[in-house]
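Down below is the structure, laid out as structure tokens.
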Amino acid sequence: MFARVFSGGLLGIDAYRIEVEVDCTGGIGQIQIVGLPDAAVKESQERVRSAIKACSFLVPPGKKWVVNLAPADTKKEGPSFDLPIAVGILAATGLIPTSHLTEFWFVGELGLDGAVRPISGILPIVLAGKEAGAVAIVVPDGNAEEASLVEEIKIYPVSHLKQVCDIIREPENGAPLKSEARKAFFTRQTHNSLELDFNEVKGQALAKRAFEIAAAGHHNILLVGPPGSGKSMLAQRLPGIMPRLSFDEAMELTKLYSVAGLLSNRKALLLERPFRSPHHSASATGLIGGGSIPKPGEISLSHMGILFLDELTEFPRAHLDTLRQPLETASVTISRVHQTLTYPASFLFVGACNPCPCGYRGDPIKYCVCTPSQADRYWARLSGPLLDRIDLHIDVARLNEIELAENGSGDSSELIRLRVERAVAAQQDRFGSGRYIPNGQLSHRQVTGFCRIDEASRMLLARAVTQLGLSARAYDRVLRVARTIADLACQEKIEAIHIAEALKYRGNVRAV
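For what it's worth, numbering that gives the first Met the number 0 labels the leading residue of the sequence shown as 0, then goes sequentially.
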């Protein structure tokens, strides 16, 4: 007897429909899986056999089950096909009815005792099921809250294979979850308090202003200063002034973390923008993504959030240069023999480093012991093209005795966030009904259209090109920063004062 069951497979951060075809023929009682399965999928035959036995089903002896995972030219990975394979075998042998099978998708890993275990990537699979027209999807109980984020599709959480069989016989035997994801999202986001606040940072008015500009326009930033000047403290507080996630953004981000296997059942929907701070010993694969079973790297896990590289000059130069393309395209493509995957990587880059190997070059109190050649070799770890892609270069100086005696100063993170969100709203209005693109990611054509300047500003910028040696890319980046400064000032027109402030952040931090 032949049976067909529907499931979903992952391809990058998206999912696609998989038809699990099962044919019961004469043989020696084995399960043969075809359709480019990996080792984990091939091993499912033993898990499925034991799970069916644990449910006390009498499978006909001397039968062979051929399981085809279509489309057959796409590699299948992971244990999520255990449940649809088991359902297909039971249907092919006539142990469960097939009348409702076409309405369902099935996904989940099976234990030897028939238990249904949670998997990674359930959210994109449920989304794919909805788009494919599925009426309902059966998911592991441990993935129930995450799966319920998708509306307009019935979610049946199960903990054992017996429950799945009962639902297939009569869908009324199951209790589908009701999705209240949007309501819960806005409720939890409203009550989410900030643990780190910008008013805790002493002094550093210039750096605080630069972070406000960076958050409002999605501009990359580099902090250079001696040890203990507050670089890491500033960076850790950046998420608190970033615009709040919309529900659609939260869903996209949650889908990415679901594929990476970084969601827990208690945190099914991400409420805040991510802040990733990998150590300088991280591998290139850890930063960019990939592996034998491709997974998102740190730059993709920073999507819609912040990638903070502390001790930037301690990272291998080759690793840092791999960031150059994602900083321009907001995505990263991983090419393998059998497939090419593209992960999103629209992150705000924050780098921090010392001005020299000893850390005290230009310091007014401590004497620098580095020779000029040592300092040059130190900065040679950062390539010119990478520095050219960083909009804001900030000198974070040592605090004086008056600033150290303060208990913190300046505006709170909540107040700064309100100004940032007002500037973001201005950018959204500029695009009308189209998808909003932050100032820091405007194309050259968009810069020409949205960043028009008067003659005085043009002459100021022309002098800066000669004096600072700005490249064509840096020229556009200055205009983008000036556009953000004008938006923070609630001004539609870019003036010379905005250009002058933007140029101030393009100073040569190597000369500190």
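By construction, the Cβ of each residue, glycine as well, lies at the ideal position given by its N, Cα and C atoms.
In this text the structure is predicted, and so the values were computed from the model without any measurement.
C-alpha gap between residue i and residue j, whole angstroms
{"i": "Pro70", "j": "Gly260", "result": "24 Å"}
{"i": "Ala510", "j": "Ser470", "result": "Residue confidence is low: Ala510 scores 47 on pLDDT, short of 50, so the model does not pin down where it sits. Its coordinate-derived value is still stated next. Cα to Cα, Ala510 sits roughly 19 Å from Ser470."}
{"i": "Ala267", "j": "Ser412", "result": "26 Å"}
{"i": "Leu391", "j": "Glu145", "result": "38 Å"}
{"i": "Pro437", "j": "Ile452", "result": "19 Å"}
{"i": "Arg48", "j": "Arg335", "result": "33 Å"}
{"i": "Phe56", "j": "Val86", "result": "12 Å"}
{"i": "Leu502", "j": "Arg418", "result": "22 Å"}
{"i": "Ala329", "j": "Ile51", "result": "46 Å"}
{"i": "Ser43", "j": "Leu10", "result": "20 Å"}
{"i": "His278", "j": "Leu195", "result": "21 Å"}
{"i": "Met250", "j": "Leu222", "result": "32 Å"}
{"i": "Phe314", "j": "Trp378", "result": "12 Å"}
{"i": "Arg168", "j": "Ile95", "result": "7 Å"}
{"i": "Ser372", "j": "Pro356", "result": "11 Å"}
{"i": "Ser158", "j": "Ser178", "result": "19 Å"}
{"i": "Glu402", "j": "Ile154", "result": "56 Å"}
{"i": "Pro59", "j": "Phe1", "result": "15 Å"}
{"i": "Ala481", "j": "Gln426", "result": "13 Å"}
{"i": "His497", "j": "Leu205", "result": "15 Å"}
{"i": "Tyr342", "j": "Leu237", "result": "24 Å"}
{"i": "Val423", "j": "Phe430", "result": "11 Å"}
{"i": "Lys161", "j": "Glu151", "result": "26 Å"}
{"i": "Arg479", "j": "Ile32", "result": "55 Å"}
{"i": "Ile292", "j": "Val258", "result": "12 Å"}
{"i": "Ala234", "j": "Ser280", "result": "20 Å"}
8 Å contact criterion, which residue i and residue j should meet: CB distance rounded
{"i": "Gly409", "j": "Asn198", "result": "6 Å"}
{"i": "Thr253", "j": "Leu340", "result": "With 8 Å as the limit, Thr253 and Leu340 do not qualify as a contact, their Cβ atoms being about 19 Å apart."}
{"i": "Gly289", "j": "Ile220", "result": "27 Å between Cβ atoms; not a contact."}
{"i": "Ile118", "j": "Glu130", "result": "Actually they do not touch by this definition, with Cβ atoms about 19 Å apart."}
{"i": "Ala53", "j": "Gly113", "result": "4 Å"}
{"i": "Val163", "j": "Val138", "result": "At roughly 10 Å, the Cβ-Cβ gap does not stay under 8 Å, so Val163 and Val138 are not in contact."}
Cross-strand partners of residue i (DSSP beta bridge)
{"i": "Gln324", "result": "Answer is none; Gln324 lacks a bridge partner."}
{"i": "Thr24", "result": "Lys63"}
{"i": "Trp104", "result": "Phe5, Ile136"}
{"i": "Glu18", "result": "Phe5, Ala69"}
{"i": "Arg116", "result": "Glu108"}
{"i": "Thr284", "result": "Answer is none; Thr284 lacks a bridge partner."}
{"i": "Arg429", "result": "According to DSSP, which records beta bridges pairwise, Arg429 is partnered with nothing at all."}
{"i": "Ile155", "result": "One point to set straight first is that residue 155 is Tyr, not Ile, in the sequence displayed. Answer is Val137, bridged to Tyr155."}
For residue i, the nearest candidate out of the options (CA to CA)
{"i": "Gly25", "options": "Ala14, Phe5, Lys62, Ala53", "result": "Lys62"}
{"i": "Glu327", "options": "Pro384, Pro371, Asn399, Cys352", "result": "Pro384"}
{"i": "Arg388", "options": "Thr370, Val464, Ala473", "result": "Ala473"}
{"i": "Met241", "options": "Ala214, Asp247, Val134", "result": "Ala214"}
{"i": "Met458", "options": "Cys164, Ala499, Ala317, Gly239", "result": "Ala499"}
{"i": "Ser79", "options": "Ala91, Val115, Ser55, Arg323", "result": "Val115"}
{"i": "Thr92", "options": "Asp22, Arg46, Arg272", "result": "Asp22"}
{"i": "Phe346", "options": "Gly439, Asn399, Leu111, Gly304", "result": "Gly304"}
{"i": "Arg476", "options": "Pro96, Leu386, Phe105, Ala317", "result": "Leu386"}
{"i": "Gly128", "options": "Pro59, Gly34, Arg16", "result": "Arg16"}
{"i": "Asn103", "options": "Pro83, Arg360, Arg416, Leu237", "result": "Note on identity: in this sequence residue 103 is Phe, with Asn being the wrong assignment. Nearest C-alpha to Phe103: Pro83."}
{"i": "Ser282", "options": "Ile30, Ala317, Thr73, Arg272", "result": "Ala317"}
{"i": "Tyr366", "options": "Pro225, Thr97, Ser263, Gly120", "result": "Pro225"}
Host alpha helix (DSSP H) of residue i (start-end)
{"i": "Ala204", "result": "204 to 216"}
{"i": "Cys367", "result": "Looking at the DSSP string, Cys367 is not in any alpha helix (DSSP H), and its letter there is neither H nor E."}
{"i": "Tyr474", "result": "471 to 487"}
{"i": "His443", "result": "443 to 449"}
{"i": "Ser291", "result": "Unbroken run through Ser291: none, as it is neither H nor E."}
{"i": "Asp81", "result": "81 to 91"}
{"i": "Ile124", "result": "121 to 130"}
{"i": "Ser456", "result": "454 to 467"}
Element boundaries [beta strand (DSSP E), containing residue i]
{"i": "His497", "result": "No beta strand (DSSP E) holds His497; the alpha helix (DSSP H) holding it covers 495 to 503."}
{"i": "Ile389", "result": "Here Ile389 belongs to no beta strand (DSSP E), and DSSP marks it neither H nor E."}
{"i": "Thr97", "result": "Counting along the chain, Thr97 falls outside any beta strand (DSSP E), and DSSP gives it neither H nor E."}
{"i": "Tyr256", "result": "Per DSSP, Tyr256 belongs to no beta strand (DSSP E); it is in the alpha helix (DSSP H), 246 to 258."}
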